[in-house]
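Colleague:
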Amino acid sequence: MTPRFALLDCNNFYCSCERVFNPRLIGVPVVVLSNNDGCVVARSEEAKGLGIPMGAPAFKNQELFTKNGVQVFSSNYTLYGDMSARVMNTVRTMVQHIEVYSIDEAFLTFDASQGESFAQALRAKVRRWTGLPVSVGIGPTKTLAKLANRWAKKNPRLNGVFDLAAARADEILARIECQDIWGIGRRTAAKLAKAGIRTARDLKLADIPWIRNELGVVGERIARELNGISCLAMEEVLASKKAIASARSFGHQVESIEEIQQALSTYIARVAEKLRAGKMLASRMEVFVETNPFKPESPQYHASAQATFMPPTDHTPALISKGLELLSKIYRQGFEYKKTGVMVTELIPEDSVQGSLFDEGSEDQQKHLQSVVDQLNQKLGQNTVRYASMGMRQTWKMRQERKSKCYTTKWDELLVVGAS
Amino acid sequence: MNIDPPVSFEGRISRSIPLFAGTVPAGFPSPADDYVEKGIDLNEQLVRNPISTFFVRAKGDSMKDAGIASGDILVVDKSITAADKQIVVAMLDGEFTVKRLRRRNNRVFLESGNPEFPPREITPDHDLVIWGVVTFVIHQPK
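Just so you know, the protein sequences line up as chains A and B, in that order. For the first sequence, my numbering assigns the number 423 to the last residue and increments by one with no breaks. For the second sequence, my numbering assigns the number 392 to the last residue and increments by one with no breaks.
1. Comparing alpha-carbon positions, which option in A:D85, A:A115, A:E238 and A:P32 lies nearest K145 of chain A?
2. Got a sec, what are the start and stop residues for the beta strand (DSSP E) E349 of chain A sits in?
3. Using 8 Å for Cβ pairs, my map puts W154 of chain A next to G140 of chain A. What's the rounded Cβ distance?
4. At a CB distance below 7 Å, what residues from the stretch 339 to 366 of chain B approach chain A? Give them in sequence order.
5. Would you please verify whether the beta carbon of T385 of chain B is less than 9 Å from any beta carbon of chain A?
6. Since I84 of chain A meets chain B, which of its residues come closer than 7 Å, beta carbon to beta carbon?
7. What is the rounded straight-line gap between the Cα of E260 of chain B and the Cα of T69 of chain A?
8. Please classify W427 of chain A as buried or exposed, where buried requires at least 16 other C-beta atoms within 10 Å of its C-beta.
9. Are the CB atoms of V347 of chain A and A285 of chain A within a distance shorter than 9 Å?
10. Between which residues of its own chain and T319 of chain A is the CB-CB distance below 6 Å, once the five residues before and five after are set aside?
11. Verify the CB distance criterion: does G421 of chain A have a CB-CB separation below 9 Å to chain E?
12. With H, G and I counted as helix, E and B as strand and the rest as coil, what does DSSP make of C20 of chain A?
13. So that I know if they touch, is there some Cβ in chain A lying closer than 9 Å to that of T331 of chain B?
14. Which residues of the stretch 132 to 161 of chain A have a Cβ closer than 8 Å to any Cβ of chain B? Give them in chain order.
15. Identify whether P315 of chain A lies in helix, strand or coil by the three-state DSSP scheme.
16. What residue range does the alpha helix (DSSP H) around T69 of chain A cover?
17. Against chain A, with Cβ distances strictly below 9 Å, would G272 of chain B count as a contact?
18. Here's a check: name, in chain order, each residue in its chain whose Cβ is nearer than 6 Å to the Cβ of E349 of chain A, leaving out the five neighbours to either side.
19. So is I106 of chain A in contact with chain B if we call contact Cβ pairs under 9 Å?
20. Check whether the Cβ of L417 of chain A lies closer than 9 Å to any Cβ atom in chain B.
21. For P26 of chain A, return the contacting residues in chain B, with the cut-off set at a CB-CB distance below 8 Å.
22. What is the rounded straight-line gap between the Cα of Q390 of chain B and the Cα of Q403 of chain A?
23. How should A226 of chain A be labelled, buried or exposed, when 16 other C-beta atoms within 10 angstroms of its C-beta is the threshold for buried?
24. Please determine, among A:Y334, A:P212, A:D183 and A:E119, the residue with the shortest C-alpha to C-alpha distance to L167 of chain A.
25. Can you check which of these residues, B:D334, B:Y285, B:T303 and B:S280, is closest to T412 of chain A by C-alpha distance?
26. Considering T191 of chain A, what are the terminal residues of the alpha helix (DSSP H) in which it resides?
27. Name the chain B residues that come within less than 8 Å of R89 of chain A, Cβ to Cβ?
28. Can you pull the DSSP bridge partners for G140 of chain A?
29. Please check if any C-beta of chain B sits within less than 9 Å of the C-beta of N14 of chain A.
30. Pull up the distance between the alpha-carbon of N71 of chain A and that of R46 of chain A, whole angstroms please.
31. Return the residue from the list B:K392, B:G317 and B:S329 that minimises the CA-CA distance to F386 of chain B.
32. For L11 of chain A, count neighbouring Cβ atoms within 10 angstroms of its own Cβ and tell me buried if that reaches 16, exposed if not.
33. Am I right that V345 of chain A and S249 of chain A are in contact with their C-beta atoms under 8 Å? What's the rounded C-beta distance?
34. Leaving out five residues on either side along the sequence, give the residues of the same chain with a beta carbon under 8 Å from the beta carbon of Y410 of chain A.
35. Take every Cβ of the stretch 180 to 189 of chain A, pair it with every Cβ of the stretch 200 to 216 of chain A, and state whether three or more of those distances are shorter than 8 Å.
36. Identify the continuous beta strand (DSSP E) that holds D385 of chain B and give its terminal residues.
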């Protein structure tokens, strides 16, 4: 029998992570804010109940938070990353084939004998080993597994697990809007609605050539997957990354190019570290700056610039000097900047590059220096050894006023338990 | 393998020499090279299940006779189902606490390891969640 797919997904992941280490958060509304405490990126069920929308800007909701005793946290990606790894590794003790899809979800392959009761056992194990609640949806395709997961979450009486095979699937598909299907965005949903296709069931029954015409192969694939024809395989081997980016908002408005240079250099150094960790070289780089769109009364400006590396590189100084050159092209005086960032694309594996005619002979030495710097930073903390252009004071640093402790990764931030 | 030239950094960070140094140019290979084993790793002894193990710090002296002093690091395994007499980290009424779990005739108690702290019976009025079982205590002698 053909294998089936399951989607395992942590419920309100960031909020749930906070709760594992703080019992006072249980049963009360909790939200987690994006980098720089900008907007809401995770909500507990209680917070959803208060009508706090995803993406709500924090500063506009201060009053709502205070009035309802909402517990507000800065995002603690160190903690969430560690807890995510624990969840995935727990799953691996029971399931052989797993594709980690994001920090809080994974596709799994189930065989014919593995249904709702197996999924419940999996769910219980993750809960016991990590303290985190998860939901599992099961279906003949990835798209249907994803919908089944959504259904499990929406219906608390299902206890976090739902197998589409165990139900009359069409009845359920008829109750799911197109917009909630994996891969269908709001614009596509609007287009479909115009043609009278409103629910997942409508899309399942739609004319495939028509879909291909209107939505292309991606849309066609979704329609086929809704019909139980698996078009999306498991991607267990992490496909090599296509791009690496680092961008963050400043802690305050920044005007001078020096401060932006410092921030940008730091992000580029981070990107370069990631390149080397993944044994990749970058062929292209894009740098951008922007002002604060939430302050329409201030003059607005955003711009980006690109450059090509020939030969491709992972060398921090080369990346930084190119990045700063791009910045000088797009920087304009007289604006209050809110954000800058860098993205490298067209990445290629380090070992696929042959020596170039223009190579400088000192490559090995450069490599050695880089690896010593990376090791020091790994041991002593990010940016311990840094390039001078990254700045010594870093006044632009991001705001994280309400971050919880790094309970699982720092000795001096361990959870304290009372013995009194 | 060559010995790398020393790299100088601000604050003089010394570089440790790897255990397996290999041959030094113009010297004899070490007769011990073939017998090098990886060092002893405390994690192997203290952490049976890394996925479900967390380190926490105890504060207070209610468990001093049970071998837990204030400031000790506790190795806590969440995957173990707590049995009678085991030391557990629990969430009791919104607070973390470390105590010995006792089950007697369908009654549940949390006992301390200090005569000054009497045992507490857990009644349905309490909100108790066992967070994990303490498997080791890391204590620094005074």
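Just so it is clear, CB atoms sit at the ideal spot from N, CA and C, and this is done for glycine as well. Being a predicted model, the structure only gives us computed values, none of them experimental.
Modeller: Judging by the given coordinates:
1. As a first step, residue 145 of chain A must be located in the first sequence, where it is residue number 142. Considering only alpha carbons, the answer is A:E238.
2. Counting from one through the first sequence, the residue named residue 349 of chain A turns up at place 346. Taken as a continuous stretch (DSSP letters only), the beta strand (DSSP E) holding E349 of chain A covers Y340 to P352.
3. In the first sequence, the residue the question calls residue 154 of chain A occupies position 151. In the first sequence, the residue the question calls residue 140 of chain A occupies position 137. Sure, about 7 Å apart at Cβ, within 8 Å.
4. Listed by position, the residues of the stretch 339 to 366 of chain B near chain A (Cβ gap below 7 Å) are V339, M341, G344, E345, F346, T347 and V348.
5. As a first step, residue 385 of chain B must be located in the second sequence, where it is residue number 135. Residue contact with chain A for T385 of chain B: absent (no Cβ-Cβ distance below 9 Å to any residue of chain A).
6. Indexing the first sequence from 1 puts residue 84 of chain A at position 81. The amino acid at residue 84 of chain A is misidentified as Ile; the sequence shows Gly. Listed along the chain, the chain B residues whose CB falls inside 7 Å of the CB of G84 of chain A amount to none; the nearest CB is some 14 Å away.
7. Taking the second sequence and counting its residues from 1, the one referred to as residue 260 of chain B is at position 10. Taking the first sequence and counting its residues from 1, the one referred to as residue 69 of chain A is at position 66. Per-residue confidence for E260 of chain B stands at a pLDDT of 35, beneath the threshold of 50, marking its modelled position as unreliable; the derived number appears in the next sentence. Taking the Cα positions, E260 of chain B is about 47 Å away from T69 of chain A.
8. In the structure displayed, chain A extends from 4 to 423; residue 427 of chain A sits before or after that span and is not available.
9. Translated into positions along the first sequence, residue 285 of chain A becomes position 282. Translated into positions along the first sequence, residue 347 of chain A becomes position 344. Cβ atoms of A285 of chain A and V347 of chain A: closer than 9 Å.
10. As a first step, residue 319 of chain A is located in the first sequence; it is residue number 316 there, counting from the start. Excluding positions up to five away in sequence, the list reads A272 and A275.
11. Structure shown: chain E not included; protein chains present are A and B.
12. One-based indexing of the first sequence puts residue 20 of chain A at position 17. C20 of chain A falls in the helix class under three-state DSSP.
13. As a first step, residue 331 of chain B is located in the second sequence; it is residue number 81 there, counting from the start. Residue-level contact by beta carbon holds for T331 of chain B and chain A, with a gap shorter than 9 Å.
14. Result list: W132, T133 and G134.
15. Translated into positions along the first sequence, residue 315 of chain A becomes position 312. Here DSSP, grouped into helix, strand and coil, assigns P315 of chain A to strand.
16. By 1-based counting over the first sequence, the position of residue 69 of chain A is 66. Annotation: the continuous alpha helix (DSSP H) that includes T69 of chain A extends over Q65 to K70.
17. Numbered from 1 along the second sequence, position 22 holds the residue referred to as residue 272 of chain B. The pLDDT assigned to G272 of chain B is 44, lower than 50, so where the model puts this residue is not dependable; a value taken from the coordinates is nonetheless given after this. Output row for G272 of chain B: interface = no.
18. For this step, residue 349 of chain A is matched to residue 346 along the first sequence. For E349 of chain A, the CB contacts under 6 Å within the same chain, skipping 5 residues up- and downstream, are S286 and R287 in chain order.
19. Taking the first residue of the first sequence as position 1, residue 106 of chain A is located at position 103. Interface flag for I106 of chain A against chain B is unset, since no Cβ pair is found closer than 9 Å.
20. If you number the first sequence from 1, residue 417 of chain A lands on position 414. By this cut-off, L417 of chain A is an interface position.
21. Residue 26 of chain A sits at position 23 when you count from the first residue of the first sequence. The answer, in chain order, is M341, G344, E345, F346 and V379.
22. Position 140 of the second sequence holds residue 390 of chain B. Position 400 of the first sequence holds residue 403 of chain A. Going by the C-alpha atoms only, they are around 34 Å apart.
23. As a working mapping, residue 226 of chain A is identified with position 223 in the first sequence. Counting the other CB atoms within 10 Å of its CB gives A226 of chain A a total of 16 or more, which places it among the buried residues.
24. Here residue 167 of chain A corresponds to residue number 164 of the first sequence, with the count starting at 1. Here the closest residue by C-alpha is A:E119.
25. By 1-based counting over the first sequence, the position of residue 412 of chain A is 409. Nearest C-alpha to T412 of chain A: B:T303.
26. Residue numbering aside, residue 191 of chain A sits at position 188 when the first sequence is read from its first letter. Where T191 of chain A is concerned, the enclosing alpha helix (DSSP H) stretches over R189 to K197.
27. By 1-based counting over the first sequence, the position of residue 89 of chain A is 86. Proximity of chain B to R89 of chain A at the Cβ level (cut-off 8 Å) is accounted for by I301 and S302, in chain order.
28. Here residue 140 of chain A refers to the residue found at position 137 of the first sequence. According to DSSP, which records beta bridges pairwise, G140 of chain A is partnered with A:L10 and A:F165.
29. Translated into the one-based positions of the first sequence, residue 14 of chain A becomes position 11. Not one chain B Cβ lies under 9 Å of N14 of chain A.
30. Along the first sequence, one-based indexing puts residue 71 of chain A at 68. Along the first sequence, one-based indexing puts residue 46 of chain A at 43. Distance between the alpha carbons of N71 of chain A and R46 of chain A: 14 Å.
31. Taking the first residue of the second sequence as position 1, residue 386 of chain B is located at position 136. Nearest C-alpha to F386 of chain B: B:G317.
32. Residue 11 of chain A sits at position 8 when you count from the first residue of the first sequence. Taking all protein chains shown into account, L11 of chain A has 16 or more neighbouring C-beta atoms within 10 Å of its C-beta and is therefore buried.
33. Residue mapping note: residue 345 of chain A aligns to position 342 of the first sequence, counting from 1. Residue mapping note: residue 249 of chain A aligns to position 246 of the first sequence, counting from 1. Going by Cβ atoms, the distance from V345 of chain A to S249 of chain A rounds to 6 Å, so yes, they are a contact pair.
34. Stepping through the first sequence from its first residue, residue 410 of chain A is reached at position 407. Taking Y410 of chain A as the centre and dropping the five residues before and after it, the same chain places the C-beta of F24, L82, E416, L417 and L418 closer than 8 Å to its C-beta, in chain order.
35. Under the Cβ criterion (8 Å, minimum of three pairs), the stretch 180 to 189 of chain A counts as touching the stretch 200 to 216 of chain A.
36. If you number the second sequence from 1, residue 385 of chain B lands on position 135. The identity of residue 385 of chain B in the sequence shown is Thr, whereas the question assumes Asp. First-last of the beta strand (DSSP E) with T385 of chain B: L378 to I388.
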